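Q:
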Amino acid sequence: MLASDKLIEAFNQQIGNEMGASLQYIAIASYFDSETLPQLARFFYRQSAEEREHAMRFVKFINDVGGKVKIPALPAPESDFASAEEAVSRALSSEENVTRQIYDLVEIAKADKNYVGVRFLDWFVEEQLEEVTAMNDLLAVIRRAGADRLLFVEEYLVRQGAPGLESSAAPSGVP
Ligand SMILES: [Fe+2]
Ligand SMILES: [Fe+2]
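Following my numbering, the numbering of the sequence shown begins with 2 at its first residue and continues without gaps.
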């Protein structure tokens, strides 16, 4: 096996973390769906699909190195949100958590001198920068728009283009 038991166990835990994030984003997307904010809903449904893809990268890595995939139990996502700001704050803190989890995995891989694991995780380090930045930007736009003017946020997402927020996106034109 090309990875230590400790690394395999930590990667299995990360499959759970990524799938947990995927479920959380379905719950957030559904909240926006119920508020008739389709662009926000679409953004989070897409994020949910991305998180599943992240989980699948870990599944593939474990199988490639001859480890055993063992998916942990997932906690129920938060489903009750009082406002758009609260829902996106939840998403931001989830991304910040995942960033810490990825950094911890890098530490384990380095301690094991598992350089293929370190290279594998490099992709996630950059992805997390993008994701945290995107959520920060979205939260800033929601706060600026205010609860009564979430349609501005919808327009903002349309202007950003379908795949999601660009990390360096300047929310120009948003009051
Ligand atoms: Fe992820
Ligand atoms: Fe993410």
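Cβ atoms here follow ideal geometry from the backbone N, Cα and C, with glycine treated the same way.
All figures in this text were calculated on a predicted structure; none of them were measured in a lab.
1) Taking Val70 as part of the alpha helix (DSSP H), name the residues at either end of that continuous run.
2) Write down the C-beta distance between Tyr26 and Glu52 rounded to the nearest angstrom, noting that I regard them as a contact closer than 8 Å.
3) Counting C-beta neighbours from all protein chains within 10 Å, is the total for Gly21 16 or more, i.e. buried, or is it exposed?
4) Only counting runs of 4 or more residues, tell me where the alpha helix (DSSP H) segments fall wholly within the region 94-165, in order along the chain.
5) What number of angstroms, rounded off, separates the C-alpha of Phe153 from the C-alpha of Ile29?
6) Note down the Cα distance separating Thr134 from Ser94, rounded to an integer number of angstroms.
7) Can you tell me whether DSSP reads Ala177 as helix, strand or coil?
8) Whose CA, out of Arg47, Glu10, Leu41, lies closest to the CA of Glu155?
9) From Val119 to Ala110, what does the alpha carbon distance come to, in whole angstroms?
10) Looking only at its chain, what residues have a beta carbon closer than 7 Å to the beta carbon of Val159, apart from the 5 residues adjacent to it on each side?
11) Please work out which residues of its chain come closer than 6 Å, Cβ to Cβ, to Phe45, disregarding the five sequence neighbours upstream and downstream, and give them in chain order.
12) For Lys7, count neighbouring C-beta atoms within 10 Å of its own C-beta (all shown protein chains included) and say buried if the count is 16 or more, exposed if not.
13) Give me the residue from Gln129, Asn18, Val99, Leu140 with the minimum Cα distance to Ala85.
14) Out of Ile72, Asn137, Ile9, Arg145, which has the shortest C-alpha to C-alpha gap to Val89?
15) Tell me the residue span of the alpha helix (DSSP H) that contains Ala22.
16) Please identify the residue among Arg150, Asn98, Gln161 whose C-alpha is closest to the C-alpha of Thr37.
A: Short version:
1) Val70 -> no alpha helix (DSSP H), and no H or E assigned at all.
2) Indeed they touch by this definition, with Cβ atoms about 6 Å apart.
3) buried
4) 116-146, 151-161
5) 19 Å
6) 12 Å
7) Residue 177 cannot be examined here, being either before or after the span of the chain that is shown, 2 to 176.
8) Checked all of Arg47, Glu10, Leu41; the closest Cα to Glu155 is Leu41.
9) In this model, Val119 and Ala110 are separated by some 6 Å (Cα to Cα).
10) Gln40
11) Tyr26, Ile29, Ala30
12) exposed
13) Leu140
14) Asn137
15) 6-35
16) Arg150
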